[in-house]
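Here is the structure we will look at, set down as C-alpha cells.
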Amino acid sequence: MTSDNTTADHGTANLGHATVNRIGYGAMQLAGPGVFGPPADPENARAVLRHAVASGVDHIDTAQIYGPDVVNDLIREALHPYPEGLVLATKVGGARDAQGGWLPAGEPVSLKAQVEENLRSLRVERLDLVNLRRFERDFPDAAEPALADQLGALVELREEGKIDMIGISNARLETVREAIDLAGVVCVQNAYSILDRTDDAIVDLARERGVAFVPFFPLGSAFLAGGGPARIAADEHIGAVAAKHGVAPSQIALAWLLARYERMLLIPGTASIAHLEENLAVGAIELDAEDLARLDKVQP
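Sequential numbering of the sequence shown, starting at 57, is according to the numbering used here.
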C-alpha cells in the first residue's frame with residue numbers, strides 16, 4: 057500500500073493532548089535477557105536513558121512488568137525528577153511468572169493494582185499514558201475480561217487523577233474501534249512494520265479517528281522466519297532505497313513507518329547509545345514518491 061504522504065513530516069505529532077517528537081524510545085531492552093531481571097550493566101542503561109532525553113526524546117515507553125520493576129527503576133534513577141514535557145507511557149494487563157513467562161492479568165482489580173505499581177516504581181502521582189494490553193491475539197480461544205470492564209477500571213482511575221491518557225495495545229480492529237468509543241483512547245500500540253502490514257486497516261482507522269499509532273516490532277519480529285531485522289537487511293528493495301540515501305536498511309524501514317501516517321510514533325528500543333543515535337537519525341530521512349513505490353514491492 058502506498059503511503060498518502062510523499063514527503064514525510066518528521067517533526068512532532070499529537071499523542072492525545074500532548075505534542076511529542078515522532079521518534080521516541082522503547083525501554084524494554086534495558087532489562088536483562090528475555091526482559092527478565094536486571095541488565096549486566098545498569099549504569100550503561102541509565103546512560104542510554106539520559107542520552108535519549110538529552111537528544112530530544114520526549115516519549116518513553118515502559119512497563120512495570122519489564123524486569124519486573126527493573127526498567128521503571130532504571131528510568132526513575134536516571135531521570136527523576138522528570139523534565140517538563142516528557143511523556144512516560146506504560147502498560148497494564150500482563151504479568152510474569154517465576155521463569156519470566158508472560159501471562160494475562162487483565163481483571164479490573166488487577167489493572168488497578170498494576171497502575172499503582174507503576175505509580176510507585178516511577179515515583180509519579182499521575183501516569184501520562186497507560187496502554188491496556190490485550191491478549192486476544194495471543195490466546196484467541198481463551199476467555200478475557202470484557203473490554204468495557206477493563207476500560208471502565210482505567211477510566212475510574214483517570215477520573216481520580218491517577219491516569220492522564222489511555223491507549224490500547226495488541227488489539228483487533230473491532231476492539232480498537234470499541235475502545236475509542238468507550239474510553240477515548242489516544243493511541244494504538246500494535247505490531248506493525250514494512251514486513252507485517254496485517255494492521256493496515258487499524259492504521260487507517262487511527263487516521264480516520266485522529267488516534268496515534270505506536271508500532272511495536274517496527275523492524276518485524278525476530279520470531280519471524282529468518283528474523284525480521286535480518287529479512288530487512290537482505291531485502292533488495294529496501295537495500296536499494298537505503299543505498300540511494302546512504303543509510304542502513306533498518307533506517308529505511310523506520311522511515312517507511314513515518315511516511316505511512318502523520319501520527320505514527322516510533323519507539324525503537326536499544327541498550328546502545330550508538331544504536332540510539334542511528335534510530336534518531338531516521339527523522340532526517342525524506343522518502344519521495346519513487347522511494348515509496350519501490351518499498352511497496354517489499355513482500356510482507
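All C-beta atoms, glycine included, are put in the ideal place defined by N, C-alpha and C. Computed from a predicted structure; not experimentally measured.
Item                                                                                                                                                                     : Value
Does DSSP put Val148 in a helix, in a strand, or in coil?                                                                                                                : strand
Would you call the stretch 144 to 154 and the stretch 170 to 186 in contact, with 3 or more CB pairs under 8 Å?                                                          : yes
Unbroken alpha helix (DSSP H) runs of length 4 or more, entirely within the stretch 88 to 118: which are they?                                                           : 98 to 110
I'd like to check one pair, Phe269 with Arg319: are the Cβ atoms closer than 9 Å?                                                                                        : yes
Return the residue from the list Gln307, Ala298, Gly223 that minimises the CA-CA distance to Val242.                                                                     : Gly223
Between Leu275 and the rest of its own chain, which residues show a CB-CB distance below 7 Å, the 5 nearest in sequence each way excluded?                               : Ser249, Gly284, Pro285, Ile288, Ser306, Ala309
Indicate the three-state DSSP secondary structure (helix, strand or coil) for Met57 in the structure shown.                                                              : Below a pLDDT of 50, predicted positions are generally treated as unreliable, and Met57, at 36, falls in that range; the measurement from the model is reported next regardless. Coil, per DSSP.
From what residue to what residue does the alpha helix (DSSP H) around Gln307 run?                                                                                       : 305 to 316
Grab the span of the beta strand (DSSP E) containing Gly157 for me, first residue to last.                                                                               : That residue, Gly157, is in no beta strand (DSSP E); it is neither H nor E in DSSP.
Find out if the Cβ-Cβ distance for the pair Leu175, Ala209 is shorter than 9 Å.                                                                                          : no
Is the separation between the beta-carbon of Gln120 and that of Gly162 shorter than 9 Å?                                                                                 : no
Does the stretch 348 to 355 come close enough to the stretch 106 to 118 that 3 or more CB-CB pairs lie under 8 Å?                                                        : no
Can you tell me the Cα-Cα spacing of Arg179 and Ala87, whole angstroms?                                                                                                  : 19 Å
Would DSSP call Asp347 helix, strand or coil?                                                                                                                            : helix
Look at the alpha carbon of Ala199 and the alpha carbon of Gly93, and state the distance between them as a whole number of angstroms.                                    : 29 Å
Just reading off the beta strand (DSSP E) that Ile224 is part of, what are its end residues?                                                                             : 219 to 225
Buried or exposed for Ser328, going by 16 or more other Cβ atoms inside 10 Å?                                                                                            : exposed
For the beta strand (DSSP E) that Thr68 lies in, which residues bound it at each end?                                                                                    : 68 to 71
Could you check the C-alpha separation between His301 and Ile131 for me, to the nearest Å?                                                                               : 34 Å
In whole angstroms, give me the CA-to-CA distance for Leu71 and Leu321.                                                                                                  : 8 Å
Have a look at the DSSP bridge pairing and note the partners of Val76.                                                                                                   : Ala69
Are the beta-carbon atoms belonging to His203 and Leu238 less than 9 Å from one another?                                                                                 : Before going on, a small fix: residue 203 reads as Leu here, not His. For Leu203 and Leu238, yes; Cβs fall inside 9 Å.
Does the Cβ-Cβ distance between Glu192 and Asn226 come in under 9 Å?                                                                                                     : yes
Under 6 Å Cβ to Cβ from Ala262, same chain only, skipping five residues before and after it: list those, please.                                                         : Val244, Phe269
For Val127, count neighbouring C-beta atoms within 10 Å of its own C-beta (all shown protein chains included) and say buried if the count is 16 or more, exposed if not. : buried
From Asp129 to Pro139, what distance separates their C-alpha atoms?                                                                                                      : 17 Å
Between which two residues does the beta strand (DSSP E) carrying Asn187 extend?                                                                                         : 183 to 189
Please determine, among Arg102, Gly90, Thr326, Arg78, the residue with the shortest C-alpha to C-alpha distance to His115.                                               : Arg78
Where Ile258 and Ala290 are concerned, what is the direct C-alpha to C-alpha distance, given to the nearest angstrom?                                                    : 28 Å
Relative to the C-alpha of Gln85, which candidate in Val165, Arg214, Glu334, Gly325 has its C-alpha closest?                                                             : Gly325
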